[in-house]
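For any residue, its number in the working numbering is found by taking its place in the sequence shown, counting from 1, and adding 5.
The beta carbon of each residue, even a glycine, is placed where N, CA and C say it ideally should be.
Following: one structure in structure tokens, then a few remarks.
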Amino acid sequence: MDLSVCIVSMNTRDLLRDCLDSLFSDTVRHSFEVIITDNGSSDGSLEMLANNYPQIKVISNASNLGYTRPMNQALQAGVGRYLMQLNPDTLLHPGLIDTLVDYMDANPQVGICTPKVLNRDGTLQKQCRRSAARPWDAISYILGLSLLFPKSRFFGRYLMEYLPDDQIAEVEAVSGSCMLISRLLIEQIGYLDEQFFAYQEDAEFCFRARKAGWKIFFVPQAQITHFGGLGGSRFVPYRGIYAWHHSFYLYYRKHLAREYFFLINGLVYLGIGIKLLFALSINAVRKEKIVGTRKP
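Okay, structure coming up:
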């Protein structure tokens, strides 16, 4: 088996069906399987899977266990040479699987690769390639300096907007909305860190991968559309907002804090706290409750 596609879903029946339709309608040279962990859906997701895609392996949890633990359940059930972490609110463009698998086969030093992730309007989803969020990168992002100077390597490093959108590039972290992982990498560093209930588990995994000597690449010849904010988190937006910021704090404390003076770390933690309060305030008055940034 070449590839195991792993998805976590909670009450995303229609989105999940569209995602799977885009996957199975493509002509794929490589062999693949699909494993879905369901977090206690009550919208008919399990019935849809049984009727439309009986060949899919389904792991059914009785309740919402977050994202990281259920994703590990799916990853651990996979038997492929590569494992794909995929969100249910995505549409795969033709050729995505073959392009990513071919790239990994041709570059065995690469442990993780990601496609060009697009918003629904066709623009680049900036979070699909990132730096490791070192203090200045994080502060510039939190304070909005990266929005003012997106092409600057000094202010805009977190989202790496200075990189061309159509060129293969080595990056430090990628989005878990779609990332292809080598089984050899997982055998070396383990699975996702389950102290992250949801969010930043992708950045944390990428950090460990690079620390172990593996490379991470952005491969824009493969493309995917990610709607964003339409997964299970939309049902518990405030919990999701807190989880995002708490996970960012955990990630920074685990991997970066020891490298910097405590005053610098304090500024980062203060910035995370201010951003959390701002995000909660915005969602309190916003009609459409979402966890992340609004995707165009």
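According to DSSP, is Pro93 helix, strand or coil?
-> For Pro93, the secondary structure class from DSSP, reduced to helix, strand or coil, is coil.
Find out if the Cβ-Cβ distance for the pair Cys118, Val224 is shorter than 7 Å.
-> For Cys118 and Val224, yes; Cβs fall inside 7 Å.
Identify the continuous beta strand (DSSP E) that holds Lys131 and give its terminal residues.
-> Secondary structure note for Lys131: it is in no beta strand (DSSP E), with a DSSP letter that is neither H nor E.
Look at the alpha carbon of Met109 and the alpha carbon of Ser286, and state the distance between them as a whole number of angstroms.
-> Spanning the two alpha carbons is a distance of roughly 43 Å.
Could you pull out every residue in the same chain whose Cβ sits closer than 8 Å to the Cβ of Ser46, ignoring the five residues on either side in sequence?
-> Sequence-distant Cβ neighbours of Ser46 in its own chain, meaning closer than 8 Å and more than five residues away, are Ser14, Met15, Asn16, Thr17 and Arg18.
What are the boundary residues of the alpha helix (DSSP H) that Thr73 is part of?
-> Unbroken alpha helix (DSSP H) run through Thr73: Thr73 to Ala82.
Could you tell me which of Asn270, Asn288 and Met6 sits nearest to Ile144, measuring between CA atoms?
-> For the set Asn270, Asn288 and Met6, the Cα lying nearest the Cα of Ile144 is the one of Asn270.
Where in the segment 215-285 do unbroken runs of the beta strand (DSSP E), each at least 3 residues long, occur, reported from the N-terminal end onward?
-> Within the segment 215-285, complete beta strand (DSSP E) segments of at least 3 residues are found at 220-231, given in chain order.
Out of curiosity, what's the CA-to-CA distance linking Ala138 and Arg263?
-> If you take the alpha carbons of Ala138 and Arg263, they lie about 14 Å apart.
Who are the Cβ neighbours of Glu199 in its own chain at under 6 Å, not counting the five residues just before and after it?
-> Cβ neighbours of Glu199 beyond the five flanking positions: Thr73 and Arg74.
Taking the alpha helix (DSSP H) that Thr104 falls in, what are its first and last residues?
-> Per DSSP, the unbroken alpha helix (DSSP H) holding Thr104 starts and ends at Leu101 to Ala111.
Looking at the unbroken beta strand (DSSP E) that takes in Phe37, where does it start and where does it end?
-> It spans Phe37 to Asn44 - the beta strand (DSSP E) in which Phe37 sits, taken as one unbroken run.
Give me whichever residues DSSP pairs with Asn156 in a beta bridge.
-> This sequence places Lys at residue 156; Asn is not what is there. Paired residues: none, contrary to the question.
Report, in whole angstroms, the separation of the C-beta atoms of Ile64 and Ala82, which I expect to be a contact under 8 Å.
-> Sure, about 7 Å apart at Cβ, within 8 Å.
What do you get for Tyr5, buried or exposed, if any count of 16 or more other CB atoms within 10 angstroms of its CB means buried?
-> Since the displayed the chain opens at 6 and closes at 301, residue 5 lies outside it and no answer follows.
Stretch-stretch touch, CB-based, cutoff 8 Å, three pairs: the segment 182-196 with the segment 159-171 = With a cut-off of 8 Å, the segment 159-171 and the segment 182-196 do not count as touching, because too few Cβ pairs lie within range.
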